[in-house]
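Chains A and B, in that order, give the protein sequences. Heads up: the first sequence at position 93 corresponds to 93 in the numbering used here, and the numbers run straight through without jumps. Heads up: the second sequence at position 55 corresponds to 277 in the numbering used here, and the numbers run straight through without jumps. Where a beta carbon is used, it is the ideal one built from N, C-alpha and C, also for glycine. Nothing here was measured: the structure is a model prediction, and the numbers come from that model. Encoded as C-alpha cells, the structure appears first; notes follow it.
There are 2 protein chains.
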Amino acid sequence: MSDALPPIPPADEPRRARGRPRKTADERDDGNRRQDLLRAAARLFRQQGFAATSTRDIATAAGMRSGSPFYHFENKEALLAAVMLEGMQRASSQQADAMQAAARHGQALSARDCLRVLVRNHLEVLLGAESDFIPVMLYEWRSLSEPQRQAVNELRREYEAVWVPVLQALHDRGELSGDTSLARLMLFGALNWAVQWFEPGRRSSLDDLTEAALQLFLKEAV
Amino acid sequence: MSDALPPIPPADEPRRARGRPRKTADERDDGNRRQDLLRAAARLFRQQGFAATSTRDIATAAGMRSGSPFYHFENKEALLAAVMLEGMQRASSQQADAMQAAARHGQALSARDCLRVLVRNHLEVLLGAESDFIPVMLYEWRSLSEPQRQAVNELRREYEAVWVPVLQALHDRGELSGDTSLARLMLFGALNWAVQWFEPGRRSSLDDLTEAALQLFLKEAV
DNA sequence: CCTACCGATCGGTAGG
DNA sequence: CCTACCGATCGGTAGG
Chain A
1 MSDALPPIPP ADEPRRARGR PRKTADERDD GNRRQDLLRA AARLFRQQGF AATSTRDIAT
61 AAGMRSGSPF YHFENKEALL AAVMLEGMQR ASSQQADAMQ AAARHGQALS ARDCLRVLVR
121 NHLEVLLGAE SDFIPVMLYE WRSLSEPQRQ AVNELRREYE AVWVPVLQAL HDRGELSGDT
181 SLARLMLFGA LNWAVQWFEP GRRSSLDDLT EAALQLFLKE AV
Chain B
223 MSDALPPIPP ADEPRRARGR PRKTADERDD GNRRQDLLRA AARLFRQQGF AATSTRDIAT
283 AAGMRSGSPF YHFENKEALL AAVMLEGMQR ASSQQADAMQ AAARHGQALS ARDCLRVLVR
343 NHLEVLLGAE SDFIPVMLYE WRSLSEPQRQ AVNELRREYE AVWVPVLQAL HDRGELSGDT
403 SLARLMLFGA LNWAVQWFEP GRRSSLDDLT EAALQLFLKE AV
C-alpha cells in the first residue's frame, strides 16, 4: 500500500489547457452566446439607452451572470460598437438582396422603382420585427468613441453609396429637385424619424409609408 | 423643583419657520440660479445624454456644489422635464413671433411663404446658437416618465398645430401631395435629423436648408 | 463562463 | 445654497 505510487501519465498524453476551459466540441455554442448577448444588448440599448443599461441587465437578459459579458467583449463600449457593426452588416446585405431580387423580376428597373425598393427595405430594417440594431446606431452615436465611429462610418458609407446613383438618376430625369446630397440627408431624416412615432399594427403599414415617402419627395417625370 | 413646568410660550409669539431658510430679499437671485441650472443641464444632456450626465456635472457647470440642484428641482428627472418644457415654451413663442413679423411685412402671406417662415424658425430653434433645449427633447424622450411626457406633449401639440392649416392649404392648392399628416411627420423628420449632421460654419446655411426643404417637399402650384 | 469581490461614482438627504 | 454623508449600483477583474 505504502509503495503504491500514483500512476504516471504517458508522456504523449495531451496536455490539458489550463485557465480557460475552451470547448473542444462545436464552436457554435460560443458563437450563439455572443449572439445572445448582442441581441439582448440591442434590445435594452434601444429601450433604455446605452448609459441607462447596465452590463448586469444585459447578462441577465442573455441568461448569464454579471461578469460573463466581459468574457465576450472587452468592455461595455465594445459591446455597443459590436451592436452597431452587426446592424450595419445586416442592413447592407439585406439591401443588396432586395435590389437583386427586384432586378430579377422586372429586368429594366426604373430609378423610381429602385428608390421604392431602397426605401421599403430601409423601413424594414428600421421598423420591422427584431430590428433594434439600427435604431441603436442612430440614437447612441454620441456614446461611441472616435475610432469606433470611424469603423461604423465605413459600413454606413457603403450602405448609403447605393442610394447615390439612384437619386442622381431621379434628379437627371427631373423627378427630384434640389441638391441630391441634401435630398439624401432629408430623405433619411424623414424615414429615420419614423422610429419615434411608428406603431406596427396601427394605421399605416410599411408599404403605406413607402408610397407616402415617394409621393412626397418625387415630382412627376418630365 | 419637581413642580417647575416648562415655560409656556406666549400665544402670540411669531413661530419661526424651521427647516428652510428662504430669502426675504429679491427673488431674482433664485430665478437666475434656476435658469443657470437649466442652461447647464440642457447643454450637458445634449452633449452626453441624460443618463450619462451626473447631477454633480450639472452643479459644477452652474457653479454650485453637488447637493444644490436638489434645492431647485425635486430630482434629476424633474430637471430633465423642466429643460424640455422650457424648450417648448421658447420654441412656441419664437414661432408665434416669427409668424407675426412675417405677416406685418407682406400683408397677404401665401401658404408657401407661411411654410418657409415655419421651417426657417424651426431650424433656428433646432440648430441656432444657444439651442440645446429642443434637441434634448427630441432625443431624450424615453428618459421621461409618462406623466411628464404628457405635460410636454401638450406644448408640443400646440407647436405643431400651427403647421396643420398651412400644410392643408398647400395640399388644397396641389403644392403638397399625399396625406398631410404623414407629410408633417416626414417633414419634421427631415428637419430634426439635421441635428445629427448640420455643422454651423460649413457649406450650407439655415437659409440654404430652408430653401432645400421647400424645393424638395413642394410641387409647383397648379 | 461563474464566484467573489473592489474602487468609484451616483442620486439624494439631513441639518444648518 | 453648502457640508457631510449614506446606501445602492456600476463597470470591471482575479482566479478558477
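Of all residues in the region 136-154 of chain A, only L138, Y139, E140, W141, R142, S143 come within less than 9 angstroms of chain B when Cβ atoms are compared, listed by chain position. Counting along the chain, L115 (chain A) sits inside the alpha helix (DSSP H) bounded by residues 111-127.
Counting the other CB atoms within 10 Å of its CB gives G411 (chain B) a total of 16 or more, which places it among the buried residues. Interface criterion met: the Cβ of F217 (chain A) is under 8 angstroms from a Cβ in chain B. Per DSSP, the continuous alpha helix (DSSP H) segment holding E158 (chain A) begins and ends at 146-161.
By the neighbour-count criterion, in which a residue is buried when 16 or more other Cβ atoms sit within 10 angstroms of its Cβ, W363 (chain B) is exposed. Three or more Cβ pairs closer than 8 angstroms define a contact, and the region 156-170 of chain A meets that threshold against the region 181-188 of chain A. When secondary structure is reduced to three states using DSSP, M408 (chain B) falls in the helix class. Classified as exposed, P369 (chain B) has fewer than 16 neighbouring CB atoms from the shown chains inside 10 Å of its CB. Taking C-beta atoms as the reference points, A318 (chain B) and L392 (chain B) fail to come closer than 8 angstroms. Per the coordinates, the alpha-carbon of E175 (chain A) lies some 47 angstroms from the alpha-carbon of G31 (chain A). M64 (chain A) and N75 (chain A) have their C-alpha atoms roughly 16 angstroms apart. Between A313 (chain B) and Y381 (chain B), the C-beta spacing is below 8 angstroms. Of the residues A:S177, A:D172, A:D208, A:Q168, the one whose Cα lies closest to the Cα of A405 (chain B) is A:D208.
Take the alpha-carbon of S68 (chain A) and the one of L349 (chain B): they are about 42 angstroms apart. Taking C-beta atoms as the reference points, S399 (chain B) and L216 (chain A) count as a pair closer than 8 angstroms. Residue contact with chain B for N192 (chain A): present (Cβ-Cβ distance below 8 angstroms to some residue of chain B). The alpha-carbon of D354 (chain B) is positioned some 19 angstroms away from that of L340 (chain B). Only those residues of the region 382-408 of chain B whose C-beta falls short of 7 angstroms from the nearest C-beta of chain A are listed: S399, G400, D401, L404, A405, L407, M408. Selection A:R39, A:D36, A:R33, A:T53 evaluated against S143 (chain A) yields A:T53 as nearest (Cα-Cα). Within chain A, the residues whose beta carbon sits less than 9 angstroms from that of S426 (chain B) are D179, L182, listed in sequence order. Sequence-ordered contacts of the region 36-70 of chain A with chain B read Q47, Q48, G49, F50, A51, A52 [C-beta pairs closer than 8 angstroms]. Burial state of E86 (chain A) is buried, judged by a 10 Å Cβ sphere holding 16 or more other Cβ atoms. The straight-line gap separating the alpha-carbon atoms of D113 (chain A) and R173 (chain A) is approximately 14 angstroms. For A443 (chain B), no CB of chain A lies under 8 angstroms from its own CB, so it is not counted at the interface with that chain. The C-beta of P422 (chain B) has fewer than 16 other C-beta atoms within 10 Å across all chains shown, which makes the residue exposed.
W419 (chain B) counts as exposed, since fewer than 16 other C-beta atoms from the protein chains shown sit within 10 angstroms of its C-beta. For E442 (chain B), there is no enclosing alpha helix (DSSP H), as DSSP gives it neither H nor E. Taking the C-beta atoms as reference points, G49 (chain A) is found no nearer than 8 angstroms to A443 (chain B). Closest by C-alpha distance to R342 (chain B), out of B:M359, B:A283, B:E352, B:Q316, is B:Q316. Closest by C-alpha distance to A304 (chain B), out of B:I356, B:R379, B:A434, B:V417, is B:I356.
For L80 (chain A), the uninterrupted alpha helix (DSSP H) run begins and ends at 76-105, by DSSP. Look at G128 (chain A): its C-beta is not under 8 angstroms from any C-beta on chain B. Shown here for E346 (chain B): same chain residues with a beta carbon closer than 7 angstroms to its own, the five before and five after excluded, namely L428 in chain order.
Comparing C-alpha distances from R255 (chain B) to each of B:F267, B:R268, B:F292 shows the shortest one belongs to B:F292.
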